[in-house]
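**Q** Residue numbers (the numbering used here): 70 to 399. Can you keep this structure in mind? I'll have questions shortly.
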Amino acid sequence: MAEKSPMRVLHIITVPISMTGLPLFALRVGAAVRGVRSDFLSYGQVDERAIAALGEGGQRVFTAPHRLRHPLRYARFVSRVIRDNGYDVVHCHGNSATMALDLLAAKMGGAKVRIAHAHNTSTKAPLLHRLLNPLFQKLCTCRMACGEEAGRWLFGNRSFQVIPNGIVTESFRYDAVRAGQMRRECGFMPEDCVIGWAGSFVEQKNLLFLLDCFQDSLAKMPALRLALIGDGPLREQLMARVDELGIGERVGMPGARADMPRLLLGMDLMALPSLYEGFPTVALEWQCSGLPCLLADTITPDCVMVPFVKRLPLDRKVWSDAIRECLGFE
């Protein structure tokens, strides 16, 4: 009797593949599901370090034309990939009804199961989101979300299934010896107090606010340091702001890194003052590492797992005071 071939799933990632939350979640989850052949599709430049995280599973990664700059070319490309490879399921990861484009291409390609997976609670294209929402709701056959708030944002009062973001906890176990090594490698002195942040340099992450709060705290904490781990379109703006504030010697930007568990060993406090989030995986990583965390109260409380997390309103004085308190400089 012939062996039954595994189910074939195409994960469509609606942002370029990089070392950030949404792409890494889609890649890791797709690669981890047993008995299923998972491939991936995105657009733009692919960070090969993210692909390396898949291991040697034989997954394919398709690079499509730009979704929003060339929507017709993109839709034709996606539908052809689905049709030529006979995918049973298309799992689309995004944060708005612009996923209607991906789901329409999936339907054109013959995919009968079309999953829409909500990963955030807002969008940079609100008008397009509203215009495409009716079509989007008709095209998806299955609804998923990283959390309750993200699901309500994208699906309204329709039913959806929450698939919590997760991490490999063993990777983030604290090691005092490695922590000392990491601090030395990063150029931190034993007496330094290091605030860490990780993600994409985009407006959503509210990094100009974090820089202002950091500067406010320096007056009473001259040993304070800030590590902004990541990259993105606002990098030059952030560097200009650092120069303007005169804090260049105290702020490090090591770029996007693949060794995040190791980097976290050199931190004393983590901060996430985002304007909005779905379910930030980085917050789980930080808590698993045993680090105290400051999160904006705009972020879902679902991601708070331990007592040493504080959710704060986006008020500059409140954050500056909380930084000093968490690091023992009340």
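Cβ atoms here follow ideal geometry from the backbone N, Cα and C, with glycine treated the same way. Computed from a predicted structure; not experimentally measured.
Are there three or more Cβ pairs, one per stretch, closer than 8 angstroms when the region 364-371 is compared with the region 380-394?
**A** Verdict: yes, contact present.
**Q** Under a three-way DSSP split, which group does residue 138 fall into?
**A** Taking the sequence shown and counting its residues from 1, the one referred to as residue 138 is at position 69. Looking at residue 138 - three-state DSSP - the assignment turns out to be coil, as it is neither helix nor strand.
**Q** When you compare the CB positions of residue 173 and residue 208, do they come within less than 8 angstroms of one another, or not?
**A** Taking the first residue of the sequence shown as position 1, residue 173 is located at position 104. Taking the first residue of the sequence shown as position 1, residue 208 is located at position 139. Going by C-beta atoms, residue 173 is nearer than 8 angstroms to residue 208.
**Q** Mind reading off the beta-carbon distance from residue 340 to residue 279? Whole number of angstroms is fine, and I expect it under 8 angstroms.
**A** For the purposes of this step, residue 340 is taken as the residue at position 271 of the sequence shown. For the purposes of this step, residue 279 is taken as the residue at position 210 of the sequence shown. About 6 angstroms; that satisfies the 8 angstroms criterion.
**Q** Nearest-angstrom Cα distance between residue 120 and residue 114?
**A** Here the question's residue 120 lines up with position 51 in the sequence shown. Here the question's residue 114 lines up with position 45 in the sequence shown. Each residue's Cα considered, the two are about 12 angstroms apart.
**Q** Which word fits residue 394, buried or exposed, when buried means at least 16 other C-beta atoms lie within 10 angstroms of its C-beta?
**A** Here residue 394 refers to the residue found at position 325 of the sequence shown. Result: exposed.
**Q** Report the rounded CA-to-CA distance for residue 217 versus residue 164, giving the unit in angstroms.
**A** Walking along the sequence shown from the start, residue 217 turns up at place 148. Walking along the sequence shown from the start, residue 164 turns up at place 95. C-alpha separation (whole angstroms): 13 angstroms.
**Q** Using only the alpha-carbon positions, how far apart do residue 151 and residue 162 sit?
**A** Translated into positions along the sequence shown, residue 151 becomes position 82. Translated into positions along the sequence shown, residue 162 becomes position 93. Their backbone Cα atoms lie some 16 angstroms apart in a straight line.
**Q** Does the beta-carbon of residue 226 have 16 or more other beta-carbons within 10 angstroms, so that it is buried, or is it exposed?
**A** Mapped onto the sequence shown, residue 226 falls at position 157. Looking at its Cβ environment, which holds fewer than 16 other Cβ atoms inside 10 Å, residue 226 is exposed.
**Q** Give me the Cα-Cα distance between residue 386 and residue 281, rounded to the nearest whole angstrom.
**A** By one-based count along the sequence shown, residue 386 stands at place 317. By one-based count along the sequence shown, residue 281 stands at place 212. Each residue's Cα considered, the two are about 10 angstroms apart.
**Q** Between 335, 306, 371 and 251, which has its C-alpha nearest residue 347's C-alpha?
**A** The count along the sequence shown starts at 1 and reaches residue 347 at position 278. If we check each option's Cα against that of residue 347, 371 comes out closest.
**Q** Suppose you measure from the CA of residue 84 to the CA of residue 147; what does that come to, to the nearest Å?
**A** One-based indexing of the sequence shown puts residue 84 at position 15. One-based indexing of the sequence shown puts residue 147 at position 78. Looking at the two C-alpha atoms, the distance is approximately 14 angstroms.
**Q** Per DSSP, what kind of secondary structure is residue 230 in: helix, strand or coil?
**A** Position 161 of the sequence shown, counted from the first residue, corresponds to residue 230. Strand.
**Q** Could you tell me which residues DSSP puts in a beta bridge with residue 410?
**A** What is shown of the chain runs 70 to 399, which leaves residue 410 out entirely.
**Q** Using a Cβ-Cβ cut-off of 6 angstroms (strictly less than) and excluding sequence neighbours within five positions of residue 143, which residues of its own chain qualify?
**A** What you label residue 143 is simply residue 74 of the sequence shown in a count that begins at 1. Closer than 6 angstroms at Cβ, skipping near neighbours: 133, 134 and 136.
**Q** Express the C-alpha separation of residue 191 and residue 159 in angstroms, rounding to a whole number.
**A** The residue you call residue 159 lines up with position 90 of the sequence shown. The residue you call residue 191 lines up with position 122 of the sequence shown. Spanning the two alpha carbons is a distance of roughly 23 angstroms.
**Q** To the nearest angstrom, report how far apart residue 231 and residue 189 are at their CA atoms.
**A** Sequence index remark: in the sequence shown, residue 231 carries index 162 (1-based). Sequence index remark: in the sequence shown, residue 189 carries index 120 (1-based). Each residue's alpha carbon lies about 13 angstroms from the other.
**Q** Enumerate in chain order the residues of its own chain whose CB-to-CB distance from residue 211 is below 6 angstroms, with the five nearest sequence positions on each side excluded.
**A** One-based indexing of the sequence shown puts residue 211 at position 142. Within the same chain, residue 211 has close Cβ partners 184.
**Q** Please state if the CB of residue 78 and the CB of residue 171 are separated by a distance shorter than 8 angstroms.
**A** As a position in the sequence shown, residue 171 is number 102, starting the count at 1. As a position in the sequence shown, residue 78 is number 9, starting the count at 1. Going by C-beta atoms, residue 171 is not nearer than 8 angstroms to residue 78.
**Q** For the alpha helix (DSSP H) that contains residue 287, what are its first and last residues?
**A** What you label residue 287 is simply residue 218 of the sequence shown in a count that begins at 1. Per DSSP, residue 287 belongs to the alpha helix (DSSP H) from 276-287.
**Q** Rounded to the nearest angstrom, what separates residue 74 and residue 94 at their Cα positions?
**A** Looking up residue 74 in the sequence shown gives position 5. Looking up residue 94 in the sequence shown gives position 25. Cα to Cα, residue 74 sits roughly 25 angstroms from residue 94.
**Q** Do you know whose CA, among 276, 257, 272 and 331, lies nearest residue 266's CA?
**A** What you label residue 266 is simply residue 197 of the sequence shown in a count that begins at 1. Cα-wise, what sits closest to residue 266 is 276.
**Q** Could you tell me the distance, in whole angstroms, from the CA atom of residue 396 to the CA atom of residue 283?
**A** Position 327 of the sequence shown, counting from 1, holds the residue named residue 396. Position 214 of the sequence shown, counting from 1, holds the residue named residue 283. The straight-line gap from Cα to Cα measures roughly 13 angstroms.
**Q** Using alpha carbons as the reference points, say which of 177, 167 and 388 lies closest to residue 224.
**A** On the sequence shown, position 155 is the one that residue 224 refers to. Among 177, 167 and 388, the Cα nearest to that of residue 224 is on 167.
**Q** What whole-angstrom Cβ distance do residue 129 and residue 116 have, given they're in contact under 8 angstroms?
**A** Against the sequence shown, residue 129 aligns to sequence position 60. Against the sequence shown, residue 116 aligns to sequence position 47. Not a contact, Cβ separation roughly 17 angstroms.
**Q** With DSSP as the reference, label residue 364 as helix, strand or coil.
**A** Counting from 1 along the sequence shown, the entry for residue 364 is found at position 295. In the structure shown, residue 364 sits in a strand (DSSP, three-state: E or B).
**Q** If you draw a straight line from the alpha carbon of residue 398 to that of residue 175, how long is it in whole angstroms?
**A** Locating residue 398 in the sequence shown gives position 329, counting from the first residue. Locating residue 175 in the sequence shown gives position 106, counting from the first residue. Using only the alpha carbons, I get a separation of about 55 angstroms.
**Q** What's the C-alpha gap between residue 353 and residue 321?
**A** Within the sequence shown, residue 353 is the residue found at index 284, counting from 1. Within the sequence shown, residue 321 is the residue found at index 252, counting from 1. Straight-line Cα distance between these residues: approximately 23 angstroms.
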